[in-house]
Amino acid sequence: MTTLLPPNNPASQGDAKRLAGSSAGSGKRGPRRGSVRSAASLLAQGEPLVWLTGGALMLCLVMILLLLALVLGQGIGTFWPVPLVQVTTHDGRILAGEITRTNMYQPRPEAFDALPEAVAADWQQRIKSSEGYAQRQLFRTGNFDLTRTHFNWVSEFEIKETTIPAWMLVVERQAWGRFYGTPKAFMIDGQPVEQEPAAVWDQYEKHHGQVRARWEKRVSLETHDIGYINHAQEASAWMPVRSNLSMGWIRPRQSLPKLNTKRTMPGCRRISTGAGGDRCTEQGKQSLPDDTGHCRRQRIGDQPCGSGAGLPGQPAFDLG
């Protein structure tokens, strides 16, 4: 911006000369106010921290999405059916089930003792070429009520034959977990009705709904009806006790009558009630009763401890 000064004004001309001389004498320009203000405003507004916070938030969102994807993938894999495999080992074992995991490990030398000599030598050479590592598979064999185990490790050098049976089934039972096997026969009242796998499966689908309905009815009876009966029996067992409490035949410690005793009369520690009244049944050290009038210590002799009327069959109460 240019400032115009009147030419005839000496003061204005002098001011202009001084301004020009000071600018020329300095030889360099001062810092621009706009650049300093923009740098200061960037730090004052906290824009780097805002970007840093936004980046951290984005990273957290990505990690959460990856975690959800992992959980979803593992969950779907749990409910997705896998092929059922049957393996026969060199020592004659037959295992059937699902392959749940595979890993590498270093077998010990005695692991090849059950193998034929030719097979053992071949596999030892293979494992030696692979730096001493062999592959093994974890089979979920189920049938815990028969085998007492749910899983079995099977090494690749132990497997003689691997097949996939056409009618291998997985049965989800109410107890003992899963059962793996092939259908042999469908029996009703101990008599076989069908023995072919396809016919057995047809009979299973025909009767499974009815059996399931009877099982649900039994569970309902055990949970609700029998439970209600048991509760009623327990309640009726306590009715005599409640009636005795309400009629006064059984009195708690707080309901004992106050005994009319004098302060010079020694107290009773244990009281028994009979037809003749409350009586002291033990002898011991004599002491005065408390302010409530109850006998707190034993009286000498078998004298009445007050004039309260007793009830037949009343048990002894310990007031000590």
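For the sequence shown, this note's numbering assigns the number -14 to the initial residue and increments by one for each residue that follows. All residues carry an ideal CB built from backbone N, CA and C; glycine is no exception.
Answer yes or no: do residue i and residue j have a C-beta to C-beta separation smaller than 7 Å?
i    : j    : result
L80  : T147 : no
V185 : F171 : yes
Q122 : M89  : no
W108 : D130 : no
Y118 : Q91  : yes
N215 : F164 : no
Considering Cα atoms alone, identify which of the options is closest to residue i.
i    : options                : result
A138 : A220, V56, P33 and V72 : According to the sequence displayed, residue 138 carries Trp and not Ala. Cα-wise, what sits closest to W138 is V72.
E181 : W152, V204 and D130    : W152
F97  : T134, I214 and E141    : E141
I84  : G60, T38 and H135      : H135
If I measure Cβ to Cβ from residue i and keep anything under 6 Å in the same chain, skipping five residues before and after, which residues do I get?
i    : result
Q195 : none
L241 : At L241 the pLDDT is 45, less than 50, meaning the model places this residue with poor confidence; the figure from the coordinates comes in the next sentence. Closer than 6 Å at Cβ, skipping near neighbours: no residue.
L100 : H75
P66  : none
R197 : none
Please work out which residues of its chain come closer than 7 Å, Cβ to Cβ, to residue i, disregarding the five sequence neighbours upstream and downstream, and give them in chain order.
i    : result
E143 : T74 and H75
K145 : T73, T74 and H75
Near residue i, which residues of its chain fall below 8 Å by C-beta distance, leaving aside the five closest residues on each side in sequence?
i    : result
G40  : none
P150 : L69, Q71, A81 and T167
R86  : Q122 and L123
R133 : none
L37  : none
V178 : A170, F171, M172 and Q188
Q176 : none
Terminal residues of the continuous beta strand (DSSP E) containing residue i?
i    : result
T208 : First-last for T208: undefined, no H or E at that position.
I84  : I79 to Y90
E157 : L154 to E157
P66  : First-last for P66: undefined, no H or E at that position.
Y118 : Looking at the DSSP string, Y118 is not in any beta strand (DSSP E), and its letter there is neither H nor E.
G307 : No answer is possible for residue 307: the residues shown for the chain start at -14 and end at 305.
E179 : Q176 to E179
Quick check on the DSSP output: the alpha helix (DSSP H) that includes residue i runs from which residue to which?
i    : result
G111 : The sequence as given places Arg at residue 111; Gly does not occur at that position. E102 to S114 is the extent of the alpha helix (DSSP H) around R111.
query: Which ranges does the beta strand (DSSP E) cover as unbroken runs of at least 3 residues, wholly within the stretch 121 to 146, from first to last along the chain?
result: 136 to 140
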